[in-house]
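Numbering (the working numbering), first residue to last: 127 to 450.
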């Protein structure tokens, strides 16, 4: 008997292991594979751009990318600071839903117009609830059609600045919904849908971003596969808004203040909750590759869906970021 030894490199261009939008993505497969957040090909022309592969999703993506904490500190999702979470999650449980990186086909309209739009078909996800707040762990695991997401925006430059208005949406269905082996109260099929809108304003050294969302079957932080259904298997309604203002006090130093809220409504079967988050930060570009930052923040839940009690968590973050 002979044995062969050698290095093994596995690159995973899919969203992760299993039929999920978030579970199996990056974190829980990190010990098994190199899971790149983005790996895609583009086809560009006068018609616009077609993107094929794994890229940042459309729905509710703009507030995530605008959040100064995404590449700095931010909150642990649901404030599970002692459970192996990762900073750099921004304010995703208090103001907006995390879009994440998913596989699909996307079209972006030409960039030379003040009106732009994007449409995308993505790998569909199981719609379920796994958090302790939903004890029966309902799940709809059969997906037969892609998830649809779209974005429409209008932007203009003016003397000293620019502004952008946008709206986006999401829709997906899943079947074989069961609760403890029994068909869900609303039937075998569940549907997730939502919309959001916002505005970005930049004037001189000052910037403002404001956004809001409303959805059904989406959840309260990570879309679709964390807390989207109640204990009877019905789609849960959630909504939220997020505000951020920044000012460049020097060419290399940015001050930031943000506030957001997310609410997931109660049902006859499951309690809801409201989350609030406030962050103040200072970010300094030391050079073209190194940034230094510090943040202080507070995250509040009137009923934390992981711990089952009201929680208040204070954050102090000091760090550096290296990019090339």
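Note that beta-carbon positions come from the ideal geometry of N, C-alpha and C, so glycine has one too.
### Selection from 234, 229 and 195 that minimises the alpha carbon distance to residue 441
Working through the chain shown from its first residue, we reach residue 441 at position 315. Among 234, 229 and 195, the Cα nearest to that of residue 441 is on 195.
### Query
Can you tell me the Cα-Cα spacing of residue 166 and residue 249, whole angstroms?
Counting from one through the chain shown, the residue named residue 166 turns up at place 40. Counting from one through the chain shown, the residue named residue 249 turns up at place 123. The straight-line gap from Cα to Cα measures roughly 14 angstroms.
#### Entry: Start-to-end residues for the beta strand (DSSP E) that takes in residue 381
Mapped onto the chain shown, residue 381 falls at position 255. From DSSP, the beta strand (DSSP E) with residue 381 extends over 379-390.
### Query
With C-beta atoms as the reference, is residue 491 less than 8 angstroms away from residue 163?
The structure shown does not extend to residue 491, since the chain is modelled only from 127 through 450, so no value can be given for it.
### Task
Taking all protein chains shown into account, decide if residue 450 is buried (16 or more other Cβ within 10 angstroms of its Cβ) or exposed.
Translated into the one-based positions of the chain shown, residue 450 becomes position 324. With fewer than 16 other Cβ atoms within 10 Å, it is exposed.
### Message
Tell me the rounded alpha-carbon separation between residue 273 and residue 375.
### Response
By 1-based counting over the chain shown, the position of residue 273 is 147. By 1-based counting over the chain shown, the position of residue 375 is 249. Rounded to the nearest angstrom, the two C-alpha atoms are 42 angstroms apart.
### Query
Quick one: Cα of residue 381 to Cα of residue 330, how far?
Position 255 of the chain shown holds residue 381. Position 204 of the chain shown holds residue 330. Distance between the alpha carbons of residue 381 and residue 330 is about 14 angstroms.
### Query
Where do the ends of the beta strand (DSSP E) carrying residue 245 lie?
Locating residue 245 in the chain shown gives position 119, where the first residue counts as 1. Taken as a continuous stretch (DSSP letters only), the beta strand (DSSP E) holding residue 245 covers 241-248.
#### Entry: Start-to-end residues for the beta strand (DSSP E) that takes in residue 316
The residue you call residue 316 lines up with position 190 of the chain shown. Its beta strand (DSSP E) spans residues 316-329.
### Query
Is any heavy atom of the ligand MG found at a distance shorter than 7 angstroms from the C-beta of residue 237?
Ligands are entirely absent from the displayed structure, and the ligand MG is therefore not among its contents.
### Query
Between the Cα of residue 371 and the Cα atoms of 326, 246, 191 and 181, which residue gives the shortest distance?
Taking the chain shown and counting its residues from 1, one reaches residue 371 at position 245. Among 326, 246, 191 and 181, the Cα nearest to that of residue 371 is on 326.
### Run of the beta strand (DSSP E) containing residue 291, from where it starts to where it stops
Along the chain shown, one-based indexing puts residue 291 at 165. Segment 287-305, the beta strand (DSSP E) holding residue 291.
### Message
I believe residue 198 touches residue 445 by the beta-carbon criterion, under 8 angstroms. Please report the beta-carbon distance rounded to the nearest angstrom.
### Response
Stepping through the chain shown from its first residue, residue 198 is reached at position 72. Stepping through the chain shown from its first residue, residue 445 is reached at position 319. With 8 angstroms as the limit, residue 198 and residue 445 qualify as a contact, their Cβ atoms being about 7 angstroms apart.
### Task
Say whether the stretch 422-433 touches the stretch 232-245, bearing in mind that this needs 3 or more beta-carbon pairs closer than 8 angstroms, one atom from each stretch.
no
### Query
So what's residue 278 in DSSP terms, helix, strand or just coil?
Within the chain shown, residue 278 is the residue found at index 152, counting from 1. Correct three-state label for residue 278: strand.
### Query
When burial is assigned at 16 or more other CB atoms within 10 Å of the CB, is residue 364 buried or exposed?
Residue mapping note: residue 364 aligns to position 238 of the chain shown, counting from 1. Label assigned to residue 364: buried.
### Query
Who does residue 204 pair with in a DSSP beta bridge?
For the purposes of this step, residue 204 is taken as the residue at position 78 of the chain shown. Residue 204 pairs with nothing; no bridge assigned.
### Task
With a threshold of 16 other CB atoms inside 10 Å of the CB of residue 415, please say whether the residue is buried or exposed.
To locate residue 415, count along the chain shown from 1; it is residue 289. Under this definition residue 415 is an exposed residue.
### Task
Specify the secondary structure class of residue 191 as computed by DSSP and reduced to three states.
One-based indexing of the chain shown puts residue 191 at position 65. DSSP places residue 191 in helix when its eight states are reduced to three.
### Message
Judging by CA-CA distance, which residue of 205, 448, 388 and 308 is the nearest neighbour of residue 344?
### Response
On the chain shown, position 218 is the one that residue 344 refers to. Ranking 205, 448, 388 and 308 by Cα distance to residue 344 puts 388 first.
### Query
With residue 148 and residue 351 assumed to form a contact (beta carbons below 8 angstroms), what rounded beta-carbon distance in angstroms separates them?
Along the chain shown, one-based indexing puts residue 148 at 22. Along the chain shown, one-based indexing puts residue 351 at 225. About 5 angstroms; that satisfies the 8 angstroms criterion.
### Task
Please classify residue 196: does DSSP put it in a helix, a strand, or coil?
By one-based count along the chain shown, residue 196 stands at place 70. Residue 196: coil per DSSP, three-state reduction.
### Query
In angstroms, rounded to a whole number, what distance separates the CA positions of residue 315 and residue 393?
As a working mapping, residue 315 is identified with position 189 in the chain shown. As a working mapping, residue 393 is identified with position 267 in the chain shown. Their backbone Cα atoms lie some 19 angstroms apart in a straight line.
### Query
According to DSSP, is residue 147 helix, strand or coil?
Numbered from 1 along the chain shown, position 21 holds the residue referred to as residue 147. Of the three classes helix, strand and coil, the one that applies to residue 147 here is coil, per DSSP.
### Message
Buried or exposed for residue 285, going by 16 or more other Cβ atoms inside 10 Å?
### Response
Taking the chain shown and counting its residues from 1, the one referred to as residue 285 is at position 159. When all chains shown are included, residue 285 counts as exposed.
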